[in-house]
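Its first residue numbered 3, the sequence shown is counted upward by one per residue in the working numbering.
Every residue gets a Cβ at the ideal spot worked out from N, C-alpha and C, and that includes glycine.
In what follows, a single structure is set out as C-alpha cells and then discussed.
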Amino acid sequence: DQLVLSGGVRMNDASGAMWAQQVSIERSSGDAHAAGPVKAEYVQQAGAGNTGSEPMHILAQRADVRKGNDSATFYGSPVRVWQGGNQVQAPEVQVERANKRMTARSGGARSVRTFLVGVDNGANGVQTGGGGGVSGCGTANAATARKSAGRQRAGNAVRISSGELVYSGALHQVEFTEGVRAEMTDETVQAAQATAFLGKQNGKSAGPGLLEGGVERIVADGAVVLNRPGTRVSGEHLLYQAAERSFVLKGGEQPARAVDARGSTTAASFHFSACDNTLQALGEEPGTRSRKVETESTATGAKREKASR
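So, in C-alpha cells, the structure goes:
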C-alpha cells in the first residue's frame, strides 16, 4: 500500500511545494518520505492582517511529511532555512504550518545557527525625531542618516548559536535554549536561554507563520555575560534594544559585575550604549534589589563606594 515516485518529484498544495529526487507515499495515511536533495517553499497568503511576503525556502537531504498535522521534518548536514535576510541552519528542522511554528534541533551540540536581520524603523531606517538619528544613534543630519541607514541595519543584525530554536509565527518571537551565544557588531552575549522579538522589516509587520521581520529586542536569562572590547559584564538578566543598540544587564541574588583592565565594579545593573560606547553603573533598578555601586581599582587596590542615585 505504498506509492514510490522517482526523478524530479514535485508535491504541492495551496501554500507550498516540495521537490525531491524520490518520494515514497503511504496511501493509507498520506504521509510521505522524500529523499534528496530536497527543496521546499512555503508561502503566506495575503489577507487577514498580512499583505503576503516572499516564501520561506528550505534545503535538506531528506524529509518526512505528516499529513495529519500538516508538518514536515527536514534532515541535513545542515538543513538550511531562509526568508528574506533571516537564516537558520541546523541538523534537524520541523515546520508545523497549521500551528505556525518552526523548531530547529542540534542533536546535543550547540549547532543551531541563526542570523536575524536588524529592525527597520520605517523610512530607510531614519527616525524623524531627535535630529534625524538612525537606528537610535544620532547623526549630523537627515541626509547623512539616509546614507548610513543600510550600515546601521547591518550593524543591528544578530548571529546566534544555540542548542535548540523554537519560532512562533503567532507571537513573532524566537526562543533559544540549551546554551546561547549572540554576536552583535562588537558585542557578544552568552546566556542559558534567550528570546528574540521580531518587529517590522521594510515597513511591514511580520506575517504569521513565516520567519520574517527584524530583531526588535532580545531578552536573555541565566548566567548572562556581555563581552565588549576591553570589558566583561556579568549578571542574571539582559535586555537588548536593537534600534537603540543598548544593553541593560541586571544582577539577581548577586550584584551585576563589570571587569576591565582598571579594576571591577559591582552594581544593581549596568547600562551599555553601543552608539557612544558608554557604560553606566546604577545602584537602583526597578524590579531589582537596591545596591551600592562599588569599584575596586586593580592598580592601587583601593576600594570606593558610591551611594545610589
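{"Item": "Bridge-paired residues (DSSP) for valine 121", "Value": "Valine 121 is not bridged to any residue."}
{"Item": "Inter-residue spacing [alpha-carbon to alpha-carbon] between glycine 124 and asparagine 158", "Value": "For glycine 124, the pLDDT reaches just 47, beneath the cut-off of 50, and the residue's location in the model is therefore unreliable, leaving the point undetermined."}
{"Item": "Nearest neighbour of glutamate 56, chosen from Trp84, Val67, Ser79 [CA to CA]", "Value": "Trp84"}
{"Item": "Simplified DSSP state of alanine 142, which is helix, strand or coil", "Value": "Note that alanine 142 scores a pLDDT of 44, beneath 50, so its modelled location is shaky; the value from the coordinates is reported in the next line. Coil, per DSSP."}
{"Item": "Cβ-heavy atom distance, arginine 99 to the ligand ADP, below 7 Å", "Value": "Of ligands this structure carries none, so the ligand ADP is not represented either."}
{"Item": "Extent of the continuous beta strand (DSSP E) run through threonine 187", "Value": "First-last for threonine 187: undefined, no H or E at that position."}
{"Item": "Residue environment, glutamine 4, which counts as buried when at least 16 other CB atoms sit within 10 Å", "Value": "exposed"}
{"Item": "Proximity winner among Ala106, Gln63, Lys41, Glu185, relative to alanine 244 (alpha-carbon distances)", "Value": "Glu185"}
{"Item": "C-beta atoms of glycine 314 and glycine 253 nearer than 8 Å", "Value": "The first residue shown for the chain is 3 and the last is 311, placing residue 314 beyond what the model contains."}
{"Item": "Beta-carbon gap between aspartate 262 and threonine 233 smaller than 8 Å", "Value": "yes"}
{"Item": "Burial state of alanine 225, where buried means 16 or more other Cβ atoms lie within 10 Å", "Value": "exposed"}
{"Item": "Cβ separation of alanine 19 and alanine 37, assumed to be a contact under 8 Å, to the nearest whole Å", "Value": "Their Cβ separation, rounded to whole angstroms, is 17 Å, which puts alanine 19 and alanine 37 out of contact at 8 Å."}
{"Item": "Minimum C-alpha distance to glutamine 63 - residue among Ser73, Pro39, Val45", "Value": "Pro39"}
{"Item": "CA-to-CA distance, glutamate 286 to alanine 172, given in whole angstroms", "Value": "36 Å"}
{"Item": "Bridge partner(s) assigned by DSSP for glycine 237", "Value": "Val226"}
{"Item": "Rounded C-alpha distance that separates valine 67 from valine 191", "Value": "36 Å"}
{"Item": "Rounded straight-line distance, which links the Cα of glycine 216 to that of glycine 120", "Value": "5 Å"}
{"Item": "Backbone secondary structure at tryptophan 21 - three-state DSSP", "Value": "strand"}
{"Item": "Assigned exposure category for proline 231 - 16 Cβ within 10 Å defines buried", "Value": "exposed"}
{"Item": "Between the CA atoms of proline 93 and arginine 82 - distance to the nearest angstrom", "Value": "9 Å"}
{"Item": "Backbone secondary structure at alanine 36 - three-state DSSP", "Value": "strand"}
{"Item": "First through last residue of the beta strand (DSSP E) which encompasses proline 231", "Value": "Element bounds for proline 231: n/a, residue is neither H nor E."}
{"Item": "Buried versus exposed call for glutamine 256 [16 or more other C-beta atoms within 10 Å across all chains shown]", "Value": "exposed"}
{"Item": "Residue of Ala34, His239, Gln175 minimising C-alpha distance to alanine 194", "Value": "His239"}
{"Item": "Rounded C-alpha distance that separates alanine 65 from isoleucine 220", "Value": "31 Å"}
{"Item": "Glutamate 180 in three-state terms, based on DSSP", "Value": "strand"}
{"Item": "Buried/exposed call for glutamine 91, threshold 16 Cβ in 10 Å", "Value": "buried"}
{"Item": "Where arginine 259 falls, given that 16 or more other Cβ within 10 Å makes a residue buried", "Value": "buried"}
{"Item": "Among His59, Lys69, Val114, the one whose alpha carbon lies nearest that of alanine 100", "Value": "Lys69"}
{"Item": "Cβ distance (whole Å) where serine 79 is taken to contact arginine 112 below 8 Å", "Value": "Not a contact, Cβ separation roughly 16 Å."}
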